[in-house]
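Residue numbers (the numbering used here), protein chains in the order written: chain G, 558 to 668; chain R, 275 to 391.
Beta carbons: idealized from backbone N, C-alpha and C, even for Gly.
Just so you know, these numbers come straight off a predicted model, no measurement behind them.
What follows is a short report on a single structure.
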Amino acid sequence: GQNIDQPTEMTATEGAIVQINCTYQTSGFNGLFWYQQHAGEAPTFLSYNVLDGLEEKGRFSSFLSRSKGYSYLLLKELQMKDSASYLCAVRDLAGYSTLTFGKGTMLLVSP
Amino acid sequence: DTEVTQTPKHLVMGMTNKKSLKCEQHMGHRAMYWYKQKAKKPPELMFVYSYEKLSINESVPSRFSPECPNSSLLNLHLHALQPEDSALYLCASSQDLSAAPGTDTQYFGPGTRLTVL
């Protein structure tokens, strides 16, 4: 089975940096995904980590430590439009590469 | 192009109605998914199709019936739903179900907001 934990809510100020943590305990692991979801809209793919280390994509970076069962999503130069739910999802090693989602972290960016 | 389209955008139906949700992708993906998402909850996997065959059914009630007519289309047939089935239904696709890194990113459609009266 999979157990994925993220903070429920976070607040930050426009222009700041915020780090959203995700810890997981899974029976198998074959990759961790971060998605952004605005209210009432579909999740949008942000990043993917399968090896330890940092993946950088513009203002967004994601880090993975497999030995610690830990990932974070780092958002720099926050903008108001970054207010959204951020979902951490783990892919297991079962025969089919399905995703299990965490409950999501609601980020509110204020002026 | 990473577009997955879904129709309709909104659907209101009674408990005795029969309706269908449609999903389409033209990325050549061979894996397609149906998820159900309640408000302020994460998406929950319902069904997975791989190469047009049903691979996973996450113990979904039979009032939900998936269908994959071809590699680009995925339908979800609805019959005798309950008010608690009201949710956002998301379709997603990925290149395939293999575990090869980089081939399995799931891309989501905009969803169908379903209300069952």
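**Prompt:** Should Cys-579 of chain G and Gln-593 of chain G be called a contact, given that it needs their Cβ atoms to be closer than 7 Å?
**Reply:** no
**Prompt:** Should the region 356-363 of chain R be called in touch with the region 325-333 of chain R, which here means at least 3 C-beta pairs below 8 Å?
**Reply:** no
**Request:** Answer with buried or exposed for Thr-570 of chain G, where buried requires no fewer than 16 other C-beta atoms within 10 angstroms of its C-beta.
**Result:** exposed
**Prompt:** From the beta carbon of Ala-596 of chain G, is the nearest beta carbon of chain R less than 7 Å away?
**Reply:** no
**Prompt:** Would a C-beta distance cut-off of 7 Å place Leu-352 of chain R and Lys-293 of chain R closer than the cut-off?
**Reply:** yes
**Prompt:** Name the chain R residues whose beta carbon is nearer than 9 Å to that of Phe-602 of chain G?
**Reply:** Thr-276, Thr-379, Gln-380, Tyr-381 and Phe-382
**Prompt:** How big is the Cα-Cα spacing for Tyr-309 of chain R and Met-320 of chain R?
**Reply:** Straight-line measurement puts the Cα of Met-320 of chain R at about 5 Å from the Cα of Tyr-309 of chain R.
**Request:** Taking only beta carbons into account, state which residues of the region 602-631 of chain G come closer than 8 Å to chain R, listed in chain order.
**Result:** Phe-602, Tyr-605 and Val-607
**Item:** CB of His-303 of chain R within 7 Å of CB of Gln-369 of chain R, strictly
**Value:** Contact flag set, yes.
**Prompt:** Could you give the distance in angstroms between the alpha-carbon of Gly-610 of chain G and the alpha-carbon of Phe-586 of chain G?
**Reply:** Computed Cα separation, rounded: 15 Å.
**Prompt:** Taking just the CA atoms, how far does Leu-388 of chain R sit from Pro-282 of chain R?
**Reply:** Distance between the alpha carbons of Pro-282 of chain R and Leu-388 of chain R: 9 Å.
**Asked** Between the Cα of Gln-299 of chain R and the Cα atoms of R:Gly-383, R:Pro-317 and R:Leu-285, which residue gives the shortest distance?
**Response** R:Gly-383
**Asked** Measuring CA to CA, which of R:Ala-366, R:Ser-339, R:Asn-349 and R:Leu-348 is closest to Leu-355 of chain R?
**Response** R:Ser-339
**Asked** Nearest-angstrom Cα distance between Gly-572 of chain G and Lys-638 of chain G?
**Response** 12 Å
**Asked** Roughly how many angstroms separate the alpha carbons of Phe-620 of chain G and Leu-644 of chain G, rounded to a whole number?
**Response** 14 Å
**Request:** Spatial neighbours of Asp-378 of chain R within its chain, please: CB distance less than 6 Å, with the 5 preceding and 5 following residues excluded, ordered by chain position.
**Result:** Beyond the five residues adjoining it in sequence on each side, Asp-378 of chain R comes within less than 6 Å, by CB distance, of Ser-368 in the same chain, given in chain order.
**Request:** Could you tell me if Arg-648 of chain G is buried or exposed, where buried requires 16 or more neighbouring beta carbons within 10 angstroms of its beta carbon?
**Result:** buried
**Prompt:** Using DSSP with H/G/I as helix, E/B as strand and the rest coil, what is Met-306 of chain R?
**Reply:** strand
**Request:** Please name the residue, chosen from G:Ala-599, G:Phe-658 and G:Glu-598, that lies closest to Asn-560 of chain G on a Cα-to-Cα basis.
**Result:** G:Phe-658
**Request:** Would you list the residues sitting across from Asn-578 of chain G in a DSSP beta bridge?
**Result:** Looking at the DSSP assignment, Asn-578 of chain G forms a beta bridge with G:Tyr-629.
**Request:** Give the interface partners of Lys-638 of chain G over in chain R, defined as CB-CB distance under 7 Å, in chain order.
**Result:** Residues of chain R whose Cβ lies closer than 7 Å to the Cβ of Lys-638 of chain G do not exist; the shortest such Cβ separation is about 17 Å.
**Message:** So Ala-599 of chain G contacts chain R; which residues on that side make the cut at Cβ distance below 7 Å?
**Reply:** Leu-364, Phe-382, Gly-383, Pro-384 and Gly-385
**Request:** Tell me where the beta strand (DSSP E) around Val-647 of chain G begins and ends.
**Result:** 641-648
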